[in-house]
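> Handing you this structure, nothing more for now.
There are 2 protein chains.
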Amino acid sequence: VQALVFDGRVVRLREWPKPTPQPGEALVRVLYAGICNTDQEIMRGYSGFRGVLGHEFVGMVEDSPQSEQVGRRVVGEINAYCGECVNCLSGLPTHCSQRTVLGIRGRDGAFAEYLSLPAINLHFVPESIEDKAAVFTEPLAAALEITDQVHIRPSDRVLVLGAGKLGSLVALVMHLVGCDLCVVDRNGRNLAWLAERGIPASLTPPEGSLADVVVDCTGNPSGFQTARSLVRPRGTLVLKSTYHGMLEVNLSQLVVDEVTLVGSRCGPFPASLRLLERDLVEVLPLIDRLYPLSDGSAAMDYASEKGVRKVLLEITEN
Amino acid sequence: VQALVFDGRVVRLREWPKPTPQPGEALVRVLYAGICNTDQEIMRGYSGFRGVLGHEFVGMVEDSPQSEQVGRRVVGEINAYCGECVNCLSGLPTHCSQRTVLGIRGRDGAFAEYLSLPAINLHFVPESIEDKAAVFTEPLAAALEITDQVHIRPSDRVLVLGAGKLGSLVALVMHLVGCDLCVVDRNGRNLAWLAERGIPASLTPPEGSLADVVVDCTGNPSGFQTARSLVRPRGTLVLKSTYHGMLEVNLSQLVVDEVTLVGSRCGPFPASLRLLERDLVEVLPLIDRLYPLSDGSAAMDYASEKGVRKVLLEITEN
């Protein structure tokens, strides 16, 4: 099958073996897949992954040990877990110590005509959610992981740094909380898009009081220092960015200001699908361009340009 | 008056002006004061403080705008706050943006015959708590700040790294929670002391499963990496150490493991006095040596040696 493969150096379209589902796994024909910043960080060395990239997708089940899944449209949780380790048995399957992660760790991803995932990872997509919107289930779930981990109060002052692909979804989720929200980004187009939706957005952080909660969605190390400077004492700084490399941090300042840092990754798919089905989060306008899989390399290049929003790959026809 | 003063280079005993209480402030004659790691970090450049060191003390009120305080034995909260800034008005006086901190920031400390603090910072010491135990009110409050900030469950597996001055108090507090506790330290004498009190203590972290909560009381930057490696996914790492300098941190790993970092500083004096009064936390055996204030420089030297526990200064007679 055709696949977009990272060999440790470059990403290119290659002929690649069709995945062979392991016991308990389903075979999914990919309809659309989305390009995430993590894909670009993998190309910079993050996670050391080699293989088919991609972890945001919607697809059709062609084969599954759960026969009711066959022929159905699905999205899929990206962490395949063992079910036996201490993390799995503690109810933390996304932290399984043996996990593979679609297109990120030990498992070929979604930038291919077919992928395989454990059948229990798949979720049916409600009829009313169109294909291109369903691709956002995974990143929207990642945004919802914040409100799953941290109690964001409607009376909180919340700052989202970065209104890119993930930051916009985080902003839309925070908007629903009713909190006193401001989104900061350097890109005027991103800001205008948010402002049209009634979300206060600004090129610079608002003057005056610090925020109760700051979410760093900048996707780069410098975002941390800015985020840190904008959170109030005893406030919470949520880290959503993964990137390659280390960062110099003044931990004593975290102690003195008693700041809480919360790392946040993959989130709840059912809640994400509910928000999409209820049309509470508008995702289609976040799509910047569509590319066929055959133009995958060009799509990756375009997605890495500054200010570009979600780029989707059209992989097979529904 | 005699005072132990840090001039930016060395600490030495000097003749120093008797403090002049400002409006709202009380004048306290210091009976005993305790040497804390923070005092040593200040000498390495932490906080940039110059003046009389010391923030752990018990003393007698000689003058106060609250007349009922005069002649009473007190301990004192170390943060003097404005009561008007956004942090004060949010109920976070220890984070007052204008604060001075006894012997740490903009206010001469307790290694002197007299100190001044706002009268509202003072707490009467119950009769049954002897002078030398009362000096521990401040560091014990700092240990209690952990359970004030983080919900430590009796069913949690908790690891305390470092059984020095603060770490021992943290261990004693965690012991009361009933959690599955282990304390790790390189000093056999510290471990033996804890083991005698029924607190599991070890030279190396226990093998096997990671901890739900790890408290870093090592007081040095390398402690962070160890602490980080011992906390489970979605677990909590509490930072109690303040030291001079920056640290290289892999923030992406915090994101991937969804770890929560909590900076923790000054804690609740009333709760600390309750534990001391109820004799639930045994502090007197933590005292290593007593020095008269006139031998203050020698006391500071001795306190900085490895494995030395709490050193107290005897300042004036009760």
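First to last, the sequence lines map onto chains A and B. Quick note: the first sequence uses the numbering used here, first residue 114, plus one each step. Quick note: the second sequence uses the numbering used here, first residue 114, plus one each step. No residue lacks a Cβ here, since even glycine has one placed at the ideal position from N, Cα and C.
Quick one: is A:E430 buried, meaning 16 or more other Cβ sit within 10 Å of its Cβ, or exposed?
exposed
> Does B:L153 come within less than 8 Å of chain A when only Cβ atoms are used?
At residue 153 of chain B the sequence reads Gln, which differs from the Leu that was named. Not one chain A Cβ lies under 8 Å of B:Q153.
> Going straight from the alpha carbon of A:V174 to that of A:E361, what length do you get?
45 Å
> Applying a beta-carbon distance threshold of less than 9 Å, which residues of chain A neighbour B:E371?
L205, T207, H208, E258, Q262, V375, G376, S377, R378 and C379
> Check the Cβ-Cβ distances between A:E347 and every residue of chain B, and say whether any is below 8 Å.
Residue identity check: residue 347 of chain A is Arg in the sequence provided, not Glu. Yes - at least one Cβ of chain B is within 8 Å of the one on A:R347.
> Would you decide whether A:R345 is buried or exposed? Buried here means 16 or more other CB atoms lie within 10 Å of its CB.
If you draw a 10 Å sphere on the C-beta of A:R345, you find 16 or more other C-beta atoms in it, and that means buried.
> Mind pulling the chain B residues with CB within less than 7 Å of A:M510?
Nothing in the structure corresponds to residue 510 of chain A, since chain A is present only between 114 and 431.
> Taking Cβ-Cβ distances below 8 Å as the criterion, which residues of the stretch 329-355 of chain A are in contact with chain B?
P334, F337, R345, P346, R347, L352, K353, S354 and T355
> When the distance is taken between beta carbons, is A:L406 closer than 8 Å to A:V248?
no
> Should B:E181 be flagged as near chain A, meaning a C-beta pair shorter than 8 Å?
In terms of beta-carbon proximity, B:E181 stays away from the interface with chain A, with every pair separated by 8 Å or more.
> Would the stretch 214-227 of chain A count as touching the stretch 156-175 of chain A if we require 3 or more Cβ pairs under 8 Å?
yes
> Would you list, in chain order, the members of the stretch 265-292 of chain A that have their beta-carbon closer than 9 Å to a beta-carbon of chain B?
none
> Would you list the one or two residues that DSSP bridges to B:P405?
Its beta-bridge partners are B:E427.
> Cβ closer than 7 Å: which chain B residues qualify as neighbours of A:L364?
F337, L352 and L360
> With DSSP as the reference, label A:Y159 as helix, strand or coil.
helix
> Please classify A:R212: is it buried, with 16 or more other beta-carbons within 10 angstroms of its beta-carbon, or exposed?
buried
> Kindly indicate which residue of B:N200, B:R122, B:V326 and B:P134 has the alpha-carbon position closest to the one of B:D176.
The residue with the shortest Cα to Cα distance from B:D176 is B:P134.
> Does the beta carbon of B:N192 come closer than 8 Å to any beta carbon on chain A?
No, B:N192 does not count as interfacial toward chain A.
> State the Cα-Cα distance for the pair A:L241 and A:G161, rounded to the nearest angstrom.
The displayed chain sequence assigns Ser, not Leu, to residue 241 of chain A. So the alpha carbons of these two residues sit roughly 38 Å apart.
> Please tell me whether B:P507 and B:E390 are closer than 8 Å, where the distance is taken between their beta carbons.
The shown model of chain B, from 114 to 431, leaves out residue 507 of chain B, and the question about it has no answer.
> Can you pull the chain A neighbours of B:S385, defined as C-beta to C-beta under 7 Å?
In chain order: nothing, as chain A lies at least about 17 Å away.
> Measuring alpha carbon to alpha carbon, tell me which of A:P383, A:V296, A:T317 and A:L235 ends up nearest A:R310.
For the residues A:P383, A:V296, A:T317 and A:L235, the minimum Cα distance to A:R310 belongs to A:V296.
> What's the C-alpha gap between A:V396 and A:L282?
Straight-line Cα distance between these residues: approximately 8 Å.
> Evaluate B:F237 with the Cβ neighbour count: other Cβ atoms within 10 Å of its Cβ, from every protein chain shown; 16 or more gives buried, anything less gives exposed.
exposed
> Tell me the start and end of each unbroken beta strand (DSSP E) in the stretch 153-230 of chain A that is at least 3 residues and wholly inside, in chain order.
169-176, 186-189 and 213-215
> Using 8 Å as the limit for Cβ to Cβ distance, is A:L215 near chain B?
no
> On a CA-only basis, which of A:P319, A:Y356 and A:D269 is nearest A:S335? Give me that one, please.
A:Y356
> So which residues of chain A does B:S322 contact, with C-beta pairs closer than 7 Å?
V199
> Can you tell me which of the three DSSP states A:Y415 falls into?
helix
> Quick one: does A:V368 have its CB under 8 Å from some CB of chain B?
yes
> Any beta carbon of chain A sitting closer than 8 Å to that of B:Y159?
yes
> Is it right to say B:S365 is buried, meaning 16 or more other beta carbons lie within 10 angstroms of its own, or is it exposed?
buried
> Is A:L117 near A:L166, with beta carbons less than 8 Å apart?
yes
> Quick one: grab the DSSP three-state call for A:H288.
helix
> Check whether the stretch 317-326 of chain B and the stretch 266-281 of chain B are in contact - that is, three or more C-beta pairs closer than 8 Å.
yes
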